[in-house]
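Participant:
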Amino acid sequence: MLKYLIVQLANIYTTILFVYVLMSWIPNKRGIIADIDTALGKLCDPFLRPFQRIIPPIGGMVDVSPIFALIVLQFVVQLIVRIL
Numbered sequence: 001m002l003k004y005l006i007v008q009l010a011n012i013y014t015t016i017l018f019v020y021v022l023m024s025w026i027p028n029k030r031g032i033i034a035d036i037d038t039a040l041g042k043l044c045d046p047f048l049r050p051f052q053r054i055i056p057p058i059g060g061m062v063d064v065s066p067i068f069a070l071i072v073l074q075f076v077v078q079l080i081v082r083i084l
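Going by the UniProt record's numbering, the first residue of the sequence shown is number 1, and it counts up by one from there.
1) Can Ile16 and Leu48 be called in contact, C-beta distance under 9 Å?
2) DSSP beta-bridge partners for Ile58?
3) Hey, Val19 and Val77: beta-carbon distance below 9 Å or not?
4) Given that a residue counts as buried once 16 or more other Cβ atoms are within 10 Å of its Cβ, and exposed if not, what is Leu70?
5) Quick check on Leu84: does DSSP put it in helix, strand or coil?
Okay, structure coming up:
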């Protein structure tokens with residue numbers, strides 16, 4: 001039961017991260033889109049910031065740090081599930 005909960009929470013957070021990354025492609029966010037982006041930023045930025053410090057953007061523009069963040073998240077979840 002605990003394993004299932006951990007996996008489901010990780011899946012929800014992965015989806016939130018994915019949506020946040022996709023929303024970064026939308027220029028000039030206004031209204032509810034800007035509010036959603038702000039809320040997702042408060043959830044995702046603390047997790048993404050360490051990866052962004054370590055991994056520079058490719059060509060100065062393309063941020064690949066979310067990919068590595070998702071890989072680490074999945075690795076940690078699998079490690080926790082195996083330990084339990």
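Ideal Cβ placement from N, Cα and C applies to all residues, glycine included.
Facilitator: Concretely, from the data shown:
1) Not a contact, by the Cβ cut-off of 9 Å.
2) According to DSSP, Ile58 bridges with Val62.
3) No, Cβ-Cβ distance for Val19 and Val77 is not below 9 Å.
4) Buried is the call here.
5) Looking at Leu84 - three-state DSSP - the assignment turns out to be coil, as it is neither helix nor strand.
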